[in-house]
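What follows is a set of notes on a single structure, which appears directly below.
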Amino acid sequence: MRDTKDSIIKAARHLFAQHGYHGTSVDSIVKEAGVSKGSLYWHFSDKFELYRTILILEVERVKELFKSETYDVVDAAAFFRRRGNLILDVFDKDPESTLIWMDLLIQAKRGREDFKKIARDLTSYYMKISMDEGLCFNLDKGEMDSICLLLRLTMLGILSCQGSVMDTQEAKECWEHIVDLVMKGDD
9 MRDTKDSIIK
19 AARHLFAQHG
29 YHGTSVDSIV
39 KEAGVSKGSL
49 YWHFSDKFEL
59 YRTILILEVE
69 RVKELFKSET
79 YDVVDAAAFF
89 RRRGNLILDV
99 FDKDPESTLI
109 WMDLLIQAKR
119 GREDFKKIAR
129 DLTSYYMKIS
139 MDEGLCFNLD
149 KGEMDSICLL
159 LRLTMLGILS
169 CQGSVMDTQE
179 AKECWEHIVD
189 LVMKGDD
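Quick note: to get the numbering used here, add 8 to the position in the sequence shown (first position is 1).
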């Protein structure tokens with residue numbers, strides 16, 4: 009039973025990345041997974057629940073990666089540089105992940121409320137887990153909240169350009185420069 013669910017998720021993840029949510033049909037998912045429609049609907053109530061499940065798994069995958077990382081940094085800027093570079097590496101190694109996230113943001117931008125909600129919730133949570141450990145540095149909460157919001161939004165912009173407008177090394181250099189400007193100012 010678990011193998012069937014995993015096959016459905018793997019097939020749907022690939023198809024959503026390649027064709028987007030609206031370009032992927034339930035028929036194409038079951039064909040790619042080699043299962044029946046009944047099997048898909050046994051595990052997921054509809055295509056959107058499957059899509060949401062895949063996005064949640066994307067977040068959890070990165071969360072586990074962050075847990076396994078050890079940081080030997082002495083200041084907030086070094087922490088944010090390191091954490092951002094890790095995010096860029098994750099998306100570089102798995103271009104389908106980037107495509108899935110970009111599709112979610114596009115669907116949300118088109119105005120459908122369920123996509124807007126999941127985009128807000130998951131993007132906020134994803135960026136929160138990626139940046140929150142930086143709270144241990146000596147910054148007041150208001151300042152840290154503003155910095156984290158700015159860096160989260162900046163990272164979304166960089167991720168949308170990584171692999172198209174700039175390569176991963178350029179994306180990392182851009183990220184590090186922005187972190188330095190935000191954390192240290194333009195000394």
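C-beta: ideal position from N, C-alpha, C; glycine also. All of these numbers come straight from a predicted model, not from anything done at the bench.
Rounded C-alpha distance that separates residue i from residue j
i, j, result
"L23", "C182", "31 Å"
"D102", "E151", "33 Å"
"K125", "A116", "8 Å"
"T12", "G31", "23 Å"
"E55", "E121", "Just to set this straight, residue 55 is Lys in the shown sequence, not Glu. Those two C-alpha atoms are separated by around 16 Å."
"S33", "R160", "32 Å"
"D97", "R10", "30 Å"
"K180", "G171", "12 Å"
"M174", "L48", "38 Å"
"V38", "W50", "12 Å"
"G46", "T131", "31 Å"
"I155", "D148", "11 Å"
"A20", "L94", "26 Å"
"L158", "G42", "44 Å"
"Q26", "E57", "18 Å"
"K18", "R128", "24 Å"
"S36", "F123", "21 Å"
"R90", "F74", "11 Å"
"L44", "E184", "In the sequence as displayed, the identity of residue 44 is Ser instead of Leu. Going from the Cα of S44 to the Cα of E184 covers about 48 Å."
"D100", "C169", "11 Å"
"Q177", "G92", "12 Å"
"D7", "G28", "No information on residue 7 is available, as it lies outside the stretch 9 to 195 that the chain covers here."
Element boundaries [alpha helix (DSSP H), containing residue i]
i, result
"R91", "A84 to K101"
"G46", "K45 to H51"
"H27", "R10 to H27"
"D54", "No alpha helix (DSSP H) contains D54, which DSSP labels as neither H nor E."
"S36", "V34 to A41"
Residue i at chain D interface by Cβ criterion, 8 Å
i, result
"L167", "Here there is only one protein chain, and chain D is not present."
TODO: With a floor of 4 residues, list each alpha helix (DSSP H) that falls wholly inside the region 147-190, ordered by position along the chain.
DONE: The qualifying runs are 149-169.
TODO: Take every Cβ of the region 83-92, pair it with every Cβ of the region 184-194, and state whether three or more of those distances are shorter than 8 Å.
DONE: At 8 Å Cβ cutoff, the stretches touch.
Task: Three or more C-beta pairs below 8 Å linking the region 148-164 and the region 60-68 - done: No, because fewer than three Cβ pairs between the region 148-164 and the region 60-68 fall closer than 8 Å, the two stretches do not touch.
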